[in-house]
Amino acid sequence: MRVVVVTESFLPHMNGVTNSVLHVLAHLRRRGDDVTVIAPSDTMFETNPLAEVHSSRRELCEGFPVIRVPSLPLPDYPKVRVAAGFVTRIRHLLAGIGPDVVHVASPFVLGWRAIQAADALGIPTVSIYQTEVPTYAARYRLPWATELLWQHVDRMHTSSTLTLVPSSFCREQLGRRGIKRLKTWRRGVDTARFSPARRSAELRSQISGSGEKLIGFVGRLAAEKQIEDLEVLDALPGTRLVIIGSGPLEETLRRRLKRAHFAGFQSGNELGRHVASLDIFVHPGEAETFCQTIQEAMAAAVPVVAVGRGGPLDLVDVGRSGWLYRPGDLQGMRSAVEHLLSDDSARSAFGRDASASVQGRTWEAVSNELIGHYARAVEVNRRVRSLRTRPRRSGTSAAEAASVG
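Just so we're aligned: the sequence shown equals residues 816 to 1220 in the working numbering.
The following block contains the structure:
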């Protein structure tokens, strides 16, 4: 297939969106597909306007060309870029490439332009719902923006040929908002990188030479992750918090979590070693559509304590691989952690069950599912376009035509 991947986030900025896109690109390369990536640049200006015609100047990822569009940094988080430009620019790019399908990763600004441009050209779009942006508004002191952001989400996904959601929570959430053509597409996990075999006594000793149990978090140190909730665990006797990641709230969190070890940003096998060396993994963020870091901890046989909302509802088998607590119930979080700390055999059993539960969730398997969704989007788009151009029977509405698939 000829595929254009439009992503709101890409290298060098690593997050859940970038990570998923990289795995998808690797799979498409192995299949021999023809792919172009469109992503934000690190500047407001065209960094290399001749790159599209001079192949020697192109940026490549997995052997595929990457076209960068101008972007602006978020005021409080400059590593995150928001694409600038117009729909006309994206439409010009898509018309020149002529893809069979456009994969839109976590659409918001650049993705919305791509959806509109593809629709104008009659090209099917597969949009990946991966970030619950409207819930971020209150965390960033913009509660008045929540409903406006939900309206934007509605527009984007109603206009997409297919929307892929990562969890049953998200499918119900968007379904209640009247969004049609929803399919579930989860994430894979690298069970070689995230494995109990990577547990390191040396690393554990470096973090805590007194043999304390290690309670860990992995993720972006930003408001939506609610890492400050871990303060209720910071003083637990015989333990030490391990915060793995970087972000704009790092200094604030260092002041609040006075006993915690901040490991900084980790990636690759070193991230796998850090995760496997934990005793318990805790994730307090309530806005996780999937929560890949939970799945990675489980693959490394680390039991999980997470808030009972969003993606963790599907990932954590309560009482077997971990515990869930009600949103806002920080005492419930602490009690769940204390249970796992106090019972070594239960903690080991939870870890074994967690690891066993994710062994079949390879990126190869879920990426093959994605190819099936591409093919379905092509067919749905063909049928919708046919109905739009065909003289309508009396009583057949445009809405009925748009619900095909």
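Glycine is no exception: its CB is placed at the ideal position from the N, C-alpha and C atoms. All values reported here derive from a predicted model rather than from experimental measurement.
message = Check this for me: beta carbons of P914 and R817, under 8 Å apart or not?
response = Position 99 of the sequence shown, counting from 1, holds the residue named residue 914. Position 2 of the sequence shown, counting from 1, holds the residue named residue 817. Yes. Within cutoff.
task = Locate the beta strand (DSSP E) running through C876, then write down its first and last residues.
result = Indexing the sequence shown from 1 puts residue 876 at position 61. Where C876 is concerned, the enclosing beta strand (DSSP E) stretches over E874 to C876.
query = Helix or strand or just coil, what does DSSP make of P888?
reply = Taking the first residue of the sequence shown as position 1, residue 888 is located at position 73. Strand.
task = Helix, strand or coil for V868, going by three-state DSSP, please let me know.
result = Stepping through the sequence shown from its first residue, residue 868 is reached at position 53. With a pLDDT of only 48 at V868, under 50, the local geometry of the prediction cannot be trusted, and no value is derived from it.
query = Given that a residue counts as buried once 16 or more other Cβ atoms are within 10 Å of its Cβ, and exposed if not, what is G831?
reply = As a working mapping, residue 831 is identified with position 16 in the sequence shown. Classification for G831: buried.
query = Of the choices S1172, L1064 and I1058, whose alpha-carbon is the least far from that of E1039?
reply = Working through the sequence shown from its first residue, we reach residue 1039 at position 224. Ranking the options by Cα distance to E1039, first place goes to L1064.
ask   = When DSSP builds the beta bridges, which residues end up paired with F814?
value = A query on residue 814 cannot be resolved here, the shown segment of the chain reaching from 816 to 1220 and no further.
request  = Report the three-state DSSP secondary structure of G911 (helix, strand or coil).
outcome  = For the purposes of this step, residue 911 is taken as the residue at position 96 of the sequence shown. Correct three-state label for G911: helix.
key: T1006 - DSSP class collapsed to helix/strand/coil   = Residue 1006 sits at position 191 when you count from the first residue of the sequence shown. Coil.
ask   = So Q1110 packs on V1004, CB below 8 Å; how close in whole Å?
value = The residue given as residue 1110 occupies position 295 in the sequence shown. The residue given as residue 1004 occupies position 189 in the sequence shown. Q1110 to V1004, Cβ: 5 Å. Contact.
Cβ-Cβ separation, L1045 to V1097 (assumed contact under 8 Å), whole Å = The residue you call residue 1097 lines up with position 282 of the sequence shown. The residue you call residue 1045 lines up with position 230 of the sequence shown. About 6 Å separates the beta carbon of V1097 from that of L1045, a gap short enough to meet the 8 Å contact definition.
request  = Below 8 Å CB to CB, which residues in the same chain sit around T999 once its five sequence neighbours on both sides are set aside?
outcome  = Within the sequence shown, the letter at position 184 stands for residue 999. Cβ contact annotation for T999 (same chain, cutoff 8 Å, sequence separation greater than five): L979, V980, P981, S982, S983 and R986, in chain order.
task = Determine the burial state of D1094: buried for a count of at least 16 other Cβ atoms within 10 Å of its Cβ, exposed for fewer.
result = For the purposes of this step, residue 1094 is taken as residue 279 along the sequence shown, with counting starting at 1. Per the 10 Å Cβ criterion, buried.
task = Give me the Cα-Cα distance between H828 and H838, rounded to the nearest whole angstrom.
result = As a position in the sequence shown, residue 828 is number 13, starting the count at 1. As a position in the sequence shown, residue 838 is number 23, starting the count at 1. C-alpha separation (whole angstroms): 15 Å.
query = Which one or two residues does DSSP pair with A1190 in a beta bridge?
reply = Position 375 of the sequence shown, counted from the first residue, corresponds to residue 1190. Per DSSP, none; premise fails for A1190.
Beta-carbon contacts of L969 that lie in its chain and below 7 Å, excluding the five residues immediately before and after = Reading the sequence shown from its first residue, position 154 is the one you call residue 969. Looking at the sequence itself, residue 969 is Asp, so the reference to Leu does not match. Cβ within range, chain order: R992 and I994.
Separation of T946 from L1263, as counted between CA atoms = Look at the range of the chain in this structure, 816 to 1220, and you will see that residue 1263 is not part of it.
task = Evaluate the contact criterion for the segment 1135 to 1145 versus the segment 1165 to 1173: three or more CB pairs, one atom per stretch, below 8 Å.
result = yes
inquiry  = At 3 residues or longer, what runs of the beta strand (DSSP E) sit wholly inside the segment 968 to 1013?
reply    = Counting whole runs of 3 or more residues, the segment 968 to 1013 contains the beta strand (DSSP E) stretches 977 to 980 and 997 to 999.
query = Between the C-alpha atoms of A1012 and S921, what's the straight-line distance to the nearest angstrom?
reply = Against the sequence shown, residue 1012 aligns to sequence position 197. Against the sequence shown, residue 921 aligns to sequence position 106. Here the alpha carbons of S921 and A1012 stand approximately 33 Å from one another.
query = Where do the ends of the alpha helix (DSSP H) carrying T858 lie?
reply = The count along the sequence shown starts at 1 and reaches residue 858 at position 43. Counting along the chain, T858 falls outside any alpha helix (DSSP H), and DSSP gives it neither H nor E.
inquiry  = Nearest by alpha-carbon distance to E1043: which of G1079, P1127, R904 and A1075 is it?
reply    = Here residue 1043 corresponds to residue number 228 of the sequence shown, with the count starting at 1. Closest option to E1043, Cα to Cα, is A1075.
message = Taking the straight line between their C-alpha atoms, what separation do you get for S1163 and F901?
response = Position 348 of the sequence shown holds residue 1163. Position 86 of the sequence shown holds residue 901. Separation of S1163 and F901 (C-alpha to C-alpha, rounded to the nearest whole angstrom) is 54 Å.
ask   = Mapping DSSP to helix, strand and coil, what is Y944?
value = Taking the sequence shown and counting its residues from 1, one reaches residue 944 at position 129. Coil at Y944, not helix or strand.
query = Taking the Cβ atom as the reference point for each residue, do L1086 and D1049 lie within a distance shorter than 8 Å?
reply = Against the sequence shown, residue 1086 aligns to sequence position 271. Against the sequence shown, residue 1049 aligns to sequence position 234. Not a contact, by the Cβ cut-off of 8 Å.
query = Among C876, G1034 and R1191, which residue has its Cα nearest to the Cα of G1079?
reply = In the sequence shown, counting from the first residue as 1, residue 1079 sits at position 264. That would be G1034, whose Cα lies nearest to the Cα of G1079.
ask   = Are V821 and G926 touching if we call contact CB-CB under 8 Å?
value = The residue labelled residue 821 in the question sits at position 6 within the sequence shown. The residue labelled residue 926 in the question sits at position 111 within the sequence shown. Their beta carbons are under 8 Å apart, which means V821 touches G926 by this criterion.
message = Using the three-state DSSP reduction, which class does K1040 fall into: helix, strand or coil?
response = Locating residue 1040 in the sequence shown gives position 225, counting from the first residue. Note: K1040 maps to helix in three-state DSSP.
inquiry  = For a minimum of 3 consecutive residues, which ranges assigned as the beta strand (DSSP E) are wholly contained in the segment 1077 to 1150?
reply    = Counting only runs of 3 or more residues that sit fully inside the segment 1077 to 1150, the beta strand (DSSP E) segments are 1095 to 1098, 1119 to 1122 and 1137 to 1140, in chain order.
task = Decide if the segment 929 to 940 is in contact with the segment 875 to 890; the criterion is three or more beta carbon pairs, one per stretch, under 8 Å apart.
result = no
ask   = Hey, would you say A898 sits closer than 8 Å to V924, going by beta carbons?
value = The residue you call residue 898 lines up with position 83 of the sequence shown. The residue you call residue 924 lines up with position 109 of the sequence shown. Yes, the Cβ-Cβ distance between A898 and V924 is below 8 Å.
request  = From the DSSP output, in three-state form, read off F1165 for me.
outcome  = Numbered from its first residue, the sequence shown carries residue 1165 at position 350. Helix at F1165.
key: Alpha carbon of R1203 to alpha carbon of Q931, nearest angstrom   = Walking along the sequence shown from the start, residue 1203 turns up at place 388. Walking along the sequence shown from the start, residue 931 turns up at place 116. Going from the Cα of R1203 to the Cα of Q931 covers about 17 Å.
message = If you reduce the DSSP assignment to three classes, tell me which class D849 lands in.
response = Sequence index remark: in the sequence shown, residue 849 carries index 34 (1-based). It is a strand residue.
query = Thinking C-beta only, is L977 closer than 8 Å to H1188?
reply = The residue labelled residue 1188 in the question sits at position 373 within the sequence shown. The residue labelled residue 977 in the question sits at position 162 within the sequence shown. Yes; because the gap between Cβ atoms is below 8 Å, this pair is in contact.
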